[in-house]
Structure formats: C-alpha cells, structure tokens
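I have placed the structure first, in the form of structure tokens, so that the comments after it can refer back to it.
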Amino acid sequence: MNNDQLAVAAREAAEGSYSPYSHFRVGAVVVSADGEIFTGANIENASYPVSSCAESTAINTAVSRGVRKIVCIAVACIDADNVEGAYPCGRCRQEMAEFGVEKVIVTAGDGSVVREHTLEELLPHQFNL
Ligand SMILES: [Zn+2]
Numbered sequence: 192m193n194n195d196q197l198a199v200a201a202r203e204a205a206e207g208s209y210s211p212y213s214h215f216r217v218g219a220v221v222v223s224a225d226g227e228i229f230t231g232a233n234i235e236n237a238s239y240p241v242s243s244c245a246e247s248t249a250i251n252t253a254v255s256r257g258v259r260k261i262v263c264i265a266v267a268c269i270d271a272d273n274v275e276g277a278y279p280c281g282r283c284r285q286e287m288a289e290f291g292v293e294k295v296i297v298t299a300g301d302g303s304v305v306r307e308h309t310l311e312e313l314l315p316h317q318f319n320l
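All letters in the sequence shown, in the order written, are residues 192 to 320 by this note's numbering.
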C-alpha cells in the first residue's frame, strides 16, 4: 500500500471508533515487517485515562498476533477540522519506538493532505533500555 492508500485505510478504520465523549474519531493502520496490515480505532471510557488511542489499539492488535517489528503506521482523524490532522500523542510515539516503527503517516482532517515523517522526527532521543 502506498501512503495515500494507507491514509484512506486509516480513515476507514476511524469509523470503528468508540468516542462518545470527545466525538473525535481516530483510526490507525499498522504495517508489519512481513507486510501484514492491522487496524485500530480509539476507544474511550467514562474514566478518561482508561481510554485507548487508535495507534495503541492497532499496535496492540498486531503485537498480540505475534508481530514484533512494525515498519509503518498511518493515522487519521476524520473529525479534525484543521488541515494538520491529529498527530500521535507522546505515549503512542513511545509505543511505536518499542516496535521499531520507521515511518509515520498523518492525514489531514479532511483527508486532503498526507504527510510522512520518520519516527525520529516525531520522537527524537527515544527512551530505550
Ligand atoms: Zn496516543
């Protein structure tokens, strides 16, 4: 899948969002080193800290199926009304680092712009043991 296709898939994944509090539907698509595709959406909770980000949901799905190396993740928020879209939060960036994500694709709220970043750009000086 190219970046535009991944962005479309991330927007589709956002349709699975459970976001009754923020009304901010986010979807993510993970591509493993073997080329497998996994999707996720944000899942909110009345106790806000219990909520899961779309990126985390997708990463956890992939890892629970045996994936240990993720090369790319695409993120889209279909409710963001700005052209920047929704960049991954710091926690998700650290999760990406754990599984070796190299490329992060962020889609504008309206789907009009697709940006590509390295994880190093988004999370310099990553924490590692
Ligand atoms: Zn997050």
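Even for Gly, the Cβ is constructed at its ideal location relative to N, Cα and C.
- Secondary structure of S243 (DSSP, three-state): strand.
- Rounded to whole angstroms, the gap between the alpha carbons of L310 and R282 is 13 angstroms.
- A204 sits close to A232, with the two beta carbons spaced by under 7 angstroms.
- For M192 and S255, the gap between their C-alpha atoms comes out near 22 angstroms.
- The beta carbons of C244 and K294 sit no closer together than 7 angstroms.
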